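Visitor: Residue 726 in my numbering sits at position 22 of the sequence shown, and the numbers go up by one each step.
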Amino acid sequence: MLQIYEISHTEMKHRHTLHLRTIIRYDRDARRPITPVIVGKHTVARRPLANSVHTLYLIFDGAEIAGAQISYPSEADCADAIKRLHNAKNAAEAAATKAIVNAKKPRQRRALTIREAA
Numbered sequence: 705m706l707q708i709y710e711i712s713h714t715e716m717k718h719r720h721t722l723h724l725r726t727i728i729r730y731d732r733d734a735r736r737p738i739t740p741v742i743v744g745k746h747t748v749a750r751r752p753l754a755n756s757v758h759t760l761y762l763i764f765d766g767a768e769i770a771g772a773q774i775s776y777p778s779e780a781d782c783a784d785a786i787k788r789l790h791n792a793k794n795a796a797e798a799a800a801t802k803a804i805v806n807a808k809k810p811r812q813r814r815a816l817t818i819r820e821a822a
């Protein structure tokens, strides 16, 4: 016959957990991951910052960097960064087109002042 023994929480060994007063030393020379991460449908590269515990996350739109942030980006963060990049590109293209159109216009002659006419 099977006997069931109940184990109290003090006797149970928890695996994969840290005790409350566990001290972990940070090794700043240890290699940290730099592989790209997929967030939703967006590619995010991670770069460790020198002499820091932080990691810089670079949000890519194809081969272009759309944005960068310190905290781990969500899918909404990635979409916003790519949207800002596209808006900036469209604004730059519109400004360039406007400058080209203005450059092609013939210049109007300046009206003569009274002193210049005399």
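Beta carbons are placed, not taken as given, at the ideal position from N, Cα and C, and that holds for glycine.
Keep in mind the model is a prediction, meaning the values are calculated, not measured.
If you draw a straight line from the alpha carbon of Thr-817 to that of Glu-768, how long is it in whole angstroms?
Guide: Rounded to the nearest angstrom, the two C-alpha atoms are 53 Å apart.
Visitor: Can you name the start and end residues of the beta strand (DSSP E) that Ile-877 belongs to?
Guide: A query on residue 877 cannot be resolved here, the shown segment of the chain reaching from 705 to 822 and no further.
Visitor: In the structure shown, what three-state DSSP assignment does His-723 receive?
Guide: Residue state, collapsed to three classes: coil.
Visitor: DSSP three-state label for Tyr-730, please.
Guide: DSSP places Tyr-730 in coil when its eight states are reduced to three.
Visitor: What span of residues does the beta strand (DSSP E) with Ile-763 cover, start to end?
Guide: 759-765 is the span of the beta strand (DSSP E), which, as asked, contains Ile-763.
Visitor: Can you give me the C-alpha to C-alpha distance between Arg-813 and Val-805, rounded to a whole angstrom?
Guide: If you take the alpha carbons of Arg-813 and Val-805, they lie about 18 Å apart.
Visitor: Counting beta carbon pairs with one atom in the segment 775-782 and one in the segment 730-743, are three or more of them shorter than 8 Å?
Guide: These segments touch.
Visitor: Tell me whether Ala-770 sits in a helix, a strand or coil according to DSSP, three-state version.
Guide: Strand at Ala-770.
Visitor: Nearest by alpha-carbon distance to Ser-756: which of Thr-739, Ile-774, Ala-800 is it?
Guide: Selected option, being the one with the closest Cα: Ile-774.
Visitor: Could you name the residues that DSSP lists as bridge partners for Thr-747?
Guide: For Thr-747, which the question treats as bridged, DSSP gives the partners Ile-742, Phe-764.
Visitor: Which value, in whole angstroms, describes the spacing of the CA atoms of Tyr-761 and Ala-792?
Guide: One C-alpha to the other measures close to 20 Å.
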